[in-house]
Structure formats: structure tokens, C-alpha cells
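Per the numbering used here, the very first residue in the sequence shown carries number 53; after that it's consecutive.
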Amino acid sequence: MRFLVDKNFNGKIVRGLRAREADVDIVRVQDTELYGAHDTAVLKWAAAEDRILLTHDIETMTKYAVEFIEQGIPMAGVILVRDTLPIATVIDDLQAILGASEAHEWENRIDFLPI
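Here it is in C-alpha cells:
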């Protein structure tokens, strides 16, 4: 399972997940050509790279992800994380997702943490 983290995603969560799951494949938007790109470009890139998008941008990413699904545009999945959730809870949930699911199970899904 591979993740793309949106530009506004909490870096402490990324570092914490990497500390617990050394093999986790995470790319940050700011480390790609996507930095500053429109949300739809981020979703398209995530789909092309088979990366589930992790984001705190609940309002706009949800809107665009729903539009993708309605239009039949493939999407690797979006996991929406409220920025008010405790960091440890988010890391625990992401670890559970890594251990209990396969990437294909997240295709064209929009889900919220906590699980």
C-alpha cells in the first residue's frame, strides 16, 4: 500500500508512521512536481501512481473526490483526517489499515479517520 500526503498534512503523523512502519511507502506532495498544483491534479497523480491520498483538506478534497467517482474517473482512494484528532490515534489507525487491508480495497473510496 502506498500513500501520498497532501501539502497540509501533519508531518508528525508522517514521521510517526515511518517510525512504526519502516517499510511504509509515503510520498509528500511538497516533494513532487505537484507542490502548488490544484487538488484535482493531486488526485489524478495519486491515481496514476496508485497512491492513497491522506489529507486534512476535508471540504475541498471530498468535493473533488466525489466528482471523480461520479464521473467514473479512477481514484486510488482518499483518507480524510480531521486535524483535531490526536496524532497517536491517526498513526494507530493508519497502522491498522496497513495491516488489515490491501490497496485495491481503497480504490474509489473516500473514508474518514478514525476508523
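Here a beta-carbon is modelled for each residue, glycine too, at the ideal position from N, C-alpha and C.
*Which runs of the beta strand (DSSP E) spanning at least 3 residues fall entirely within the region 97-142, listed in chain order?*
104-107, 130-133
*Would you tell me roughly how many angstroms separate the C-alpha atoms of Met127 and Ala117, rounded to the nearest one?*
On the sequence shown, residue 127 is found 75 positions in, with the first residue counted as 1. On the sequence shown, residue 117 is found 65 positions in, with the first residue counted as 1. Their Cα atoms are separated by approximately 8 Å.
*For the beta strand (DSSP E) that contains Arg80, what are its first and last residues?*
Translated into positions along the sequence shown, residue 80 becomes position 28. It spans 77-80 - the beta strand (DSSP E) in which Arg80 sits, taken as one unbroken run.
*Inspect the beta-carbon positions of Met113 and Leu86 and report whether they are closer than 8 Å.*
Here the question's residue 113 lines up with position 61 in the sequence shown. Here the question's residue 86 lines up with position 34 in the sequence shown. It is not a contact, given that the beta carbons lie outside the stated cut-off.
*Would you mind giving the Cβ-Cβ distance between Phe55 and Arg103, rounded to the nearest angstrom? I have them listed as a contact below 8 Å.*
The residue labelled residue 55 in the question sits at position 3 within the sequence shown. The residue labelled residue 103 in the question sits at position 51 within the sequence shown. Yes, Phe55 and Arg103 are in contact; Cβ-Cβ is about 6 Å, under 8 Å.
*Could you give the C-beta distance for Glu159 and Gly129, rounded to a whole number, given that I count them as a contact under 8 Å?*
Along the sequence shown, read from residue 1 onward, the residue named residue 159 stands at position 107. Along the sequence shown, read from residue 1 onward, the residue named residue 129 stands at position 77. Contact flag correct, Cβ pair sits at about 6 Å.
*For Arg72, which of helix, strand or coil comes out of DSSP?*
On the sequence shown, position 20 is the one that residue 72 refers to. Arg72: helix per DSSP, three-state reduction.
*Determine the contact status of Ile143 and Arg72, defining contact as a CB-CB distance below 8 Å.*
The count along the sequence shown starts at 1 and reaches residue 143 at position 91. The count along the sequence shown starts at 1 and reaches residue 72 at position 20. The answer is yes: Cβ separation under 8 Å.
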